[in-house]
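According to the numbering used here, the sequence shown is numbered sequentially starting from 1.
Note that CB positions come from ideal geometry on N, CA and C, so glycine has one too.
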Amino acid sequence: MAVPGARAAVAGFAYHWYTGDHFEALSLTSRLYPEKALWFTEGCVEFSRFGGASGPDKARMYAHDILGNLRHGGSAQLDWNLLLDDQGGPNHVGNYCEAPLMLQGDGFLRNPSYYAIGHFSRYLRPGAVRLESSVYDGRIEQVVFRNPDGSRAAVLLNRAPEALPLWVTEDGETGWSLTLSPGSLTTLTWP
Numbered sequence: 001m002a003v004p005g006a007r008a009a010v011a012g013f014a015y016h017w018y019t020g021d022h023f024e025a026l027s028l029t030s031r032l033y034p035e036k037a038l039w040f041t042e043g044c045v046e047f048s049r050f051g052g053a054s055g056p057d058k059a060r061m062y063a064h065d066i067l068g069n070l071r072h073g074g075s076a077q078l079d080w081n082l083l084l085d086d087q088g089g090p091n092h093v094g095n096y097c098e099a100p101l102m103l104q105g106d107g108f109l110r111n112p113s114y115y116a117i118g119h120f121s122r123y124l125r126p127g128a129v130r131l132e133s134s135v136y137d138g139r140i141e142q143v144v145f146r147n148p149d150g151s152r153a154a155v156l157l158n159r160a161p162e163a164l165p166l167w168v169t170e171d172g173e174t175g176w177s178l179t180l181s182p183g184s185l186t187t188l189t190w191p
């Protein structure tokens, strides 16, 4: 962005997930260029890298990435492929993948990643604003948004192999408690 006029010409930045978590880089970019969009523009579950992972593990991988991106300034999340055939294609370079939706005969198979994406796409509405939030246990990942209609949505990922208790409060005084099941992805909504 050191080139004269570059900042005015660039609407935002795109990034992928293939080299691991780089959430701190997103935070830094968001702080340096707060007016720019940060779009996750490609991610998939490649058979060659993640073929042995379970469906729930793949869903948690999606949730972890989306949560981290949103907490660190990301503003959009696009999958590389939302629908592929039962072989993970078509693909012109041969890196076959699992998609959230796979053709299966005359119908579709909804993979666990499809439902993980739904925790965000169904409850975080266009124009929603991320609220500051914190959690006392690092094994719980979370993000909270206020939707344009004033409702709130919190998406929570329990990365622990055991159930974890959680107290949710908005003002430090009133709230409710719940228990997050082991390895679960949970969405809470309230007016």
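Tell me whether residue i is buried or exposed, calling it buried when 16 or more other Cβ atoms sit within 10 Å of its Cβ.
{"i": "Phe108", "result": "exposed"}
{"i": "Asp79", "result": "buried"}
{"i": "Val3", "result": "exposed"}
{"i": "Leu83", "result": "exposed"}
If distances are taken between C-alpha atoms only, which option among the options comes closest to residue i?
{"i": "Asp181", "options": "Ala9, Ala6, Phe13 and Ala160", "result": "Before going on, a small fix: residue 181 reads as Ser here, not Asp. Selected option, being the one with the closest Cα: Ala160."}
{"i": "Arg146", "options": "Arg130, Leu156 and Leu157", "result": "Arg130"}
{"i": "Tyr62", "options": "Glu141, Ser27, Ala11 and Gly12", "result": "Glu141"}
{"i": "Tyr114", "options": "Thr169, Val144, Cys44 and Leu26", "result": "Cys44"}
{"i": "Gly192", "options": "Ser133, Ser151 and Pro112", "result": "There is no way to answer for residue 192, as the model of the chain reaches only from 1 to 191."}
{"i": "Leu67", "options": "Pro191, Val10, Ser54 and Phe120", "result": "Phe120"}
{"i": "Ala14", "options": "Gln77, Leu101 and Trp176", "result": "Gln77"}
Can you tell me the Cα-Cα spacing of residue i and residue j, whole angstroms?
{"i": "Gly74", "j": "Leu103", "result": "30 Å"}
{"i": "Ser8", "j": "Lys36", "result": "In the sequence under discussion, the amino acid at residue 8 is Ala, which differs from the Ser named in the question. Their backbone Cα atoms lie some 10 Å apart in a straight line."}
{"i": "Leu124", "j": "Gly20", "result": "25 Å"}
{"i": "Arg139", "j": "Arg110", "result": "27 Å"}
{"i": "Ser48", "j": "Arg71", "result": "29 Å"}
{"i": "His92", "j": "Tyr18", "result": "19 Å"}
{"i": "Gly89", "j": "Leu166", "result": "41 Å"}
{"i": "Gly51", "j": "Asp137", "result": "30 Å"}
{"i": "Tyr33", "j": "Trp39", "result": "13 Å"}
{"i": "Asn81", "j": "Ala6", "result": "31 Å"}
{"i": "Gln87", "j": "Glu98", "result": "8 Å"}
{"i": "Glu132", "j": "Gly172", "result": "13 Å"}
{"i": "Val10", "j": "Phe23", "result": "21 Å"}
{"i": "Glu46", "j": "Ala116", "result": "17 Å"}
{"i": "Met1", "j": "Gly12", "result": "11 Å"}
{"i": "Ala153", "j": "Val144", "result": "6 Å"}
Which of helix, strand or coil does DSSP assign to residue i?
{"i": "Thr29", "result": "helix"}
{"i": "Ala2", "result": "coil"}
{"i": "Glu24", "result": "helix"}
I'd like the ranges of any beta strand (DSSP E) spanning at least 3 consecutive residues and lying wholly in the stretch 33–100. Runs of the beta strand (DSSP E) inside the stretch 33–100: 37–42.
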